[in-house]
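Residue numbers (this note's numbering): 5 to 261.
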């Protein structure tokens, strides 16, 4: 199974750095704002960021007043970049695959993850471990590539003029590894259905409190026309689950759109 550690390869690392410098990326315009809107007010909370990449969300959590942020990524290059850019003493970075992270029970109030869980083979085991890390009433919020993306051949069906007809959804119910060519390399992601993510959360003891399939706004499409494709099929799935709260404890998700 491929993992974010692939980003340590020099060629892919350079290609990914170039990609992140582009304006109007779906990650920046759609996924990151949606993930932030799933989170509670972070003032005084202990936050864990799984698959933190270059640390943008971890730094943002610190700026929101989190008392401590522990951020993990399998890529040494990503962590090196995050440490160089952070400058926030409450953020602690570590090079570690998500599957190998072990935290003390009840040591986190919020666990967040952006576009990393579709690399995880055993999502049920991961959700169970995260549930154990969270204090009562704590929140898990994450984004993944939408299952209609991970199940597809990632190429539009075109008409005779080369215009895009529709997005092919194929073998949706056949879960497991799917390979894709991305930035000049072959990457493998785990395809699973929306219901599988939901059932895994419930099975781990979470109460699902939010689920979103964000799309670009008309203003965003006017500024970056290429984002218009993402109104035709959602690129991301986001979910939030809360562990059972103790009386008087409440980490409510935000209601901003």
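Beta carbons are placed, not taken as given, at the ideal position from N, Cα and C, and that holds for glycine.
Contact belief for residue i with residue j at Cβ below 8 Å, rounded distance in angstroms
i: residue 122; j: residue 194; result: 6 Å
i: residue 216; j: residue 127; result: Contact doesn't hold; Cβ gap of about 18 Å is too wide.
Cβ-based neighbour list, residue i, same chain, cut-off 8 Å, excluding 5 preceding and 5 following
i: residue 137; result: 52, 107, 108, 109, 110, 111, 112, 115
i: residue 33; result: 220, 224, 228, 231
Where residue i sits in the DSSP three-state scheme
i: residue 241; result: strand
i: residue 112; result: strand
i: residue 190; result: strand
i: residue 229; result: helix
i: residue 2; result: The question about residue 2 has no answer, for the chain in this structure spans 5 to 261.
i: residue 214; result: strand
i: residue 173; result: coil
i: residue 147; result: strand
i: residue 185; result: strand
i: residue 139; result: strand
i: residue 119; result: coil
i: residue 236; result: coil
i: residue 168; result: strand
i: residue 158; result: coil
i: residue 246; result: strand
i: residue 195; result: strand
i: residue 224; result: helix
i: residue 206; result: helix
i: residue 128; result: helix
Sequence-distant residues of its chain with Cβ nearer than 6 Å to residue i (five each side left out)
i: residue 198; result: 151
i: residue 246; result: 143, 211, 213
i: residue 148; result: 121, 122, 241
i: residue 85; result: 58
Own chain, CB closer than 7 Å to residue i, minus 5 neighbours either side, in chain order
i: residue 237; result: 152, 171
(request) Could you say if the region 49–64 and the region 151–162 meet the contact criterion of at least three C-beta pairs nearer than 8 Å? (result) They do not touch, by the three-pair rule.
(request) Indicate whether the contact test is met: 3 or more Cβ pairs, each with one atom in the region 87–94 and one in the region 158–171, closer than 8 Å. (result) Touching, no.
(request) Answer yes if the region 219–226 comes into contact with the region 125–140, meaning at least three C-beta pairs across the two stretches below 8 Å, and no otherwise. (result) They do not touch, by the three-pair rule.
(message) Going residue by residue through the region 29–109, where are the continuous beta strand (DSSP E) segments of at least 3 residues, counting only ones entirely within it?
(response) Every beta strand (DSSP E) stretch that sits fully inside the region 29–109 and reaches 3 residues is listed by chain position as 50–54, 72–77, 95–99.
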